[in-house]
Amino acid sequence: MLHFFDPRTDLDSEIDYGTPPATFDPTPDAELISLSIDGNEVRVPEGTSVMHAAAMAGINIPKLCATDSLEAFGSCRICLVQIEGRRGFPASCTTPAEAGMEVKTQNDKIGKLRRNVMELYISDHPLDCLTCPANGDCELQDMAGAVGLRNVRYTGQSAIPSHTHLDEKKDTSNPYFTFDASKCIVCNRCVRACEETQGTFALTISSRGFESKVSPGQDDAFMDSDCVSCGACVQACPTATLMETSIIDKGQPEHSVITTCAYCGVGCAFKADMKGDEVIRMTPWKGGKANRGHSCVKGRFAFGYATHQDRITSPMVRDSIDQPWRKVSFEEAFDFAATRIKGIQEKYGRNSVGGITSSRCTNEETYLVQKLVRAAFGNNNVDTCARVCHSPTGFGLKTTLGESAGTQTFDSVEKTDVIMVIGANPTDAHPVFGSRMKKRIREGAKLIVVDPRSIDLVNGPHVNADYHLQLMPGTNVAFVNAMAHVIVNEGLEAADFIAERCETEAFHEWKNFIADERHSPENTEQFTGIPAAYIRGAARLYATGGNGSIYYGLGVTEHSQGSSTVMGIANLAMLTGNVGRDGVGVNPLRGQNNVQGSCDMGSFPHELPGYRHISGQAVRDLFEDAWKVKLDPEPGYRITNMLDAAVEGSYKGLYVQGEDIAQSDPNTKHVEAALRNMECLIVQDIFLNETAKFAHVFLPGTSFLEKNGTFTNAERRISPVRKVMPPMPGLEDWQVTLGLSKALGYEMHYEHPSEIMAEIAALTPTFSNVTYERLDEEGSLQWPCNDETPDGTPIMHVDGFVRGKGFFALTEYVPTEEKVTRRFPLLLTTGRILSQYNVGAQTRRTENSSWHGEDTLEIHPQDAEDRGINTGDLVSLASRAGDTHLRALVSDRMQPGVVYTTFHHPETGANVITTDNSDWATNCPEYKVTAVQVDKLISETASSEWQNQFAEFTEQQIAFIDK
Amino acid sequence: MSENELSHLIKMANQIASNIGIGSTEEDCVKKVVTHITAFWALPMRQKICANMEEFAEDLNPIATKALLEIQTNLKAA
Ligand code: SF4
Ligand code: SF4
Ligand code: SF4
Ligand code: FES
């Protein structure tokens, strides 16, 4: 393959080039310009700054206000250079390189000017370098050294105007970083990082000259400001002014290991900064292709749970759940579990047991659990928690496009013109991608938000939605159909694309279907509540506004028609030709870190790894050969079916790795009934989670810091996870699965997770060229990665759809059975917030709870007034499934008739309320629509009946652990 | 409230029929439902619903009924 200079990949992520790379299209005709810097010839893309060009040649011009994650600002003037034929000393960070330029970066005159600048800075800076937390990592110190500053004439406060920074107070309100304004040089990097990188605009610089100073909001404390604690300003600060508290406490790290965040599906790359085997800081890695050096409060700061005192590091067993746990050796626990599982299968049949793989664990671990179920249990009763979030994505995208995955890279958003966000809240749930999206919107991309709630994107700092289509929960299909109807009936479809790329007959059948009046926005308005004119406007914008991209989340999938909406979205993208290139596509935003990976690894009961149906003889032959075992050709139970069968009494044993179905699955009472019916529940986790309270065998798990493996993010990007500390229980999770499998009589042999990946690659055509060595070389790889695409596949369906021709599926709107009634007149929808993650098991055990200590119920002012509810009141929330009590938050983000809550705290019991309605195709639960009633509680302390039982049960179960 | 396994299966079959059993001919619609249920439902689920469908005849919609009859025949043949 020919190689062209690509500033995205050909720059060294360990070097700070001072200014961002120029936008450059690495094609054969792209031209570079040539200039001379200190006599060296440098070839760079047009638009590169002189500073950046010099750094490419290995010449580091001193800088203070510049860093390559931010646009040049030109305020400190320490980076000045001389250019042949030009007057004065231009700043190299703001001067673009030009062909033929001759630049001098160093001579006596320049040196003197730089020392003068430096002297002024230092005169207003404490000289306590030896005891400063930034010692060893301070750019101000480095630059003083680089320019050769030897004395400072204006020391003390007399020589300079009355106000200096020296007596500023520290702001320690943020639990993770400290703001020590006395060290601030007002370089503005933090302010720009908050604006450009994060897009929150929380920081400002007030006053001017010597008096100017940085502050969050109007002189607020960080915790009282709009700051979301992403850490971008801390990362950008060249001094000790903004500094991680962990570094202040512990000093600078001595080595770092690159790894991948274990929280959300963005999959940010981090450097774990270490002191011995202790992680003292997580720093977003600039070389990470998913995050490009940015982070959010979870990945950046919330890693303390890994060493939390609640960790359980010893295996435990017990005969029944009303008994205390007995600590045992791993061997004993494996034998105990295996004997019970075998006994159950003998008594109730082969199908009476199964397993649940984790969307938080690594690909390798997930692969092993499904292998254990299929090979050692001898059935296909394996499912993953992706069942309850993105299973409709798998089904819908496979049916229409041919591959169960998103079509783009995150970088693709930089080329998009119209963004449609449906049922996703990226600034909270996928924050780093949310920031990248906001940046593109600030650059001018149009935005359509489809959401019952007014999410941050609708009306945020410097970001506004062109259309907010505020639909009623449960009417997504009516909405997508109306969009398609407008595009078809107004003749806005991409006829050539469809003719060339899609199945003709299916398209014509679909076109007749969608053209019908019942799908017109004027007719669907009665269901969706979206004014027809808005739909028409949005449809025209998406179809004709240039590159149109769709990003969607669980607000699409977690419905009785989740799969239909996913297919409807794919239809829209094909209809407008928005598939197969940069800037467009269908992009599911995955909730947990490895949702994509757990699906890829064959966690679904009907599919072997690589999405191949278990009924296929050829595929089974392949696996039977490799695994030396006979496979059952019948699909197995999904989680929901397992639980139903357990309640009925025919399903008795379950191995759950790294999931907490008792908290995360809908209709808690039903789940609890199922779990209580189990005769052998094996839970592998780092904490005694809600599910483990019903378990008979507890196998201690390891956090992402204690093992090797890979995660696959929402862009199909496989990234390395690296062991930085020894596993606290003594075994890594994959070794635990091996032990259990051996006890069951099916031995597997691996010495290292890389060997598991080698087996995955050998059996899965889309992974065939993935190896640990390649991952180390490339940092990450996007599947498909095989002989045809050895470097991976950033954009899918480029020359044709994976299934051959694109398929337009019929998507009839079938209203959900979950309807408001007089008894339950409101609709509840659920979601998540920035600082907490999923069931909260990790984030609740960190300082992140300073932002979100409890789940609250958001309610529209009108609905609140009707019920006499004020913010902070304790209210009861009831559905036909159950009821719970929580505090209200009156908010005009809500529309009348719709209430909202999060599910991060177990004692809230948000899922006590949700029902067991589910998606027609995949049984993905309908979390997003539940008919409820909300009432103000008179008694301030009252807990619901379920909450009382929960508290009692929890207390009892905790007492059963002998710590 | 907890729906039992069987009523849940009936509801799922109906849902599938009303979502996928649409368009073209009835024969086609039935075929789509049969294919879907065979591909995605575990054997015990198919057996259970087929063994009890007479009792719930009134609760099943027509396409679902036809599809399940066909699945019943397939199960017997296997
Ligand atoms: S806080 Fe740091 S980044 Fe911000 S202006 Fe001061 S020195 Fe610069
Ligand atoms: S932590 Fe992030 S949000 Fe907060 S001030 Fe810094 S850049 Fe802005
Ligand atoms: S939680 Fe998501 S966005 Fe935040 S650092 Fe981790 S992967 Fe990135
Ligand atoms: S680094 Fe160029 S002006 Fe500050």
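Residue numbers (my numbering), protein chains in the order written: chain A, 1 to 963; chain B, 1001 to 1078.
Backbone N, C-alpha and C fix where the C-beta goes; we use that ideal spot for every residue, glycine too.
Compare the beta carbon distance of residue i and residue j with 7 angstroms and say whether it is the shorter of the two.
| i | j | result |
| --- | --- | --- |
| L675 of chain A | F694 of chain A | yes |
| R590 of chain A | A714 of chain A | yes |
| T416 of chain A | S549 of chain A | yes |
| V683 of chain A | A673 of chain A | no |
| M728 of chain A | T260 of chain A | no |
| L937 of chain A | V899 of chain A | no |
| Y17 of chain A | A66 of chain A | no |
| V353 of chain A | F336 of chain A | no |
Quick one: which chain B residues come within Cβ less than 9 angstroms of residue i?
| i | result |
| --- | --- |
| F513 of chain A | I1022 and G1023 |
CB of residue i to nearest heavy atom of ligand 4: below 6 angstroms?
| i | result |
| --- | --- |
| L688 of chain A | no |
| A66 of chain A | yes |
| K104 of chain A | no |
| C184 of chain A | no |
| A53 of chain A | no |
Interface residues of chain A around residue i at Cβ under 9 angstroms?
| i | result |
| --- | --- |
| E1055 of chain B | Simply none; closest approach about 16 angstroms. |
| S1005 of chain B | This sequence places Glu at residue 1005 of chain B; Ser is not what is there. Those within 9 angstroms of E1005 of chain B in chain A are N641, D644, A645, V647, E648 and S650. |
Identify, in the order they occur along the chain, each residue of the same chain with its Cβ nearer than 6 angstroms to the Cβ of residue i, setting aside the five sequence neighbours on each side.
| i | result |
| --- | --- |
| S454 of chain A | R893 |
| V629 of chain A | A375 |
| I961 of chain A | W325 |
| D167 of chain A | none |
| A543 of chain A | I487, L492 and T576 |
| A405 of chain A | R716 |
Would the C-beta of residue i count as close to ligand 3, meaning under 6 angstroms from any of its heavy atoms?
| i | result |
| --- | --- |
| C389 of chain A | no |
| P20 of chain A | no |
Between residue i and the rest of its own chain, which residues show a CB-CB distance below 8 angstroms, the 5 nearest in sequence each way excluded?
| i | result |
| --- | --- |
| R114 of chain A | P62, I78, L80 and V147 |
| A159 of chain A | Here the model assigns A159 of chain A a pLDDT of 46, short of 50, so the residue's position is not dependable, and the following value carries that caveat. Same-chain partners within the cutoff: S123 and R153. |
| G610 of chain A | D600, G602, L763, T764, P765, T766 and F767 |
Name the chain B residues that come within less than 8 angstroms of residue i, Cβ to Cβ?
| i | result |
| --- | --- |
| S560 of chain A | Q1015 |
| E634 of chain A | A1042 and L1043 |
| P605 of chain A | A1042 |
| N351 of chain A | A1042, L1043 and P1044 |
| S598 of chain A | Correct list: empty, because the minimum Cβ distance to chain B is about 18 angstroms. |
| E403 of chain A | Residues of chain B passing the Cβ test: none, with the nearest at roughly 17 angstroms. |
| E509 of chain A | G1023 and S1024 |
In its own chain, which residues sit with a C-beta less than 7 angstroms from the C-beta of residue i, not counting the 5 before and 5 after it?
| i | result |
| --- | --- |
| P861 of chain A | V890 and D892 |
| N135 of chain A | C129 |
| P605 of chain A | N380, N381, V382, D383, P635, G636, Y637 and R638 |
| G50 of chain A | According to the sequence displayed, residue 50 of chain A carries Val and not Gly. Excluding residues within five positions, the ones whose Cβ falls inside 7 angstroms are V81, S92, T95, A97 and V103. |
| Q141 of chain A | C129 |
| G909 of chain A | T668, T884, W946, Q947 and F950 |
Say the cut is 6 angstroms; is the CB of residue i nearer than that to a heavy atom of ligand 2?
| i | result |
| --- | --- |
| Q235 of chain A | no |
| T843 of chain A | no |
| L70 of chain A | no |
| S768 of chain A | no |
Can residue i be considered in contact with ligand 1, in the sense that its beta carbon sits closer than 6 angstroms to one or more heavy atoms?
| i | result |
| --- | --- |
| R189 of chain A | yes |
| L469 of chain A | no |
| N257 of chain A | According to the sequence provided, residue 257 of chain A is Val. The question's Asn does not apply to it. For ligand 1, not one heavy atom lies less than 6 angstroms from the Cβ of V257 of chain A. |
| L242 of chain A | yes |
| V373 of chain A | no |
| T239 of chain A | yes |
| P214 of chain A | In the sequence as displayed, the identity of residue 214 of chain A is Val instead of Pro. Yes, the Cβ of V214 of chain A comes within 6 angstroms of a heavy atom of ligand 1. |
In chain B, which residues lie less than 7 angstroms from residue i when you measure between Cβ atoms?
| i | result |
| --- | --- |
| L810 of chain A | I1022 and G1023 |
For residue i, return the contacting residues in chain A, with the cut-off set at a CB-CB distance below 8 angstroms.
| i | result |
| --- | --- |
| A1039 of chain B | H606, H613, S615 and P635 |
| N1052 of chain B | Within 8 angstroms Cβ-Cβ: nothing; N1052 of chain B doesn't reach chain A, min ~12 angstroms. |
For this session: Let me know the beta strand (DSSP E) ranges lying completely inside the stretch 64-97 of chain A, each 3 residues or longer, listed in chain order.
Result: none
Problem set entry | Runs of beta strand (DSSP E) wholly within the stretch 576-654 of chain A (minimum 3 residues, chain order) | 586-588
Exercise. Which full runs of the beta strand (DSSP E) of 3+ residues lie inside the stretch 36-66 of chain A, going along the chain?
Worked result: 40-45
Exercise. Which residue spans inside the stretch 332-414 of chain A form an unbroken alpha helix (DSSP H) run of at least 4?
Worked result: 363-371 and 391-400
For this session: Jot down the residue ranges of each uninterrupted alpha helix (DSSP H) in the stretch 215-257 of chain A, minimum 4 residues, whole runs only, in chain order.
Result: 232-236 and 245-250
For this session: Only counting runs of 3 or more residues, tell me where the beta strand (DSSP E) segments fall wholly within the stretch 504-576 of chain A, in order along the chain.
Result: 548-552
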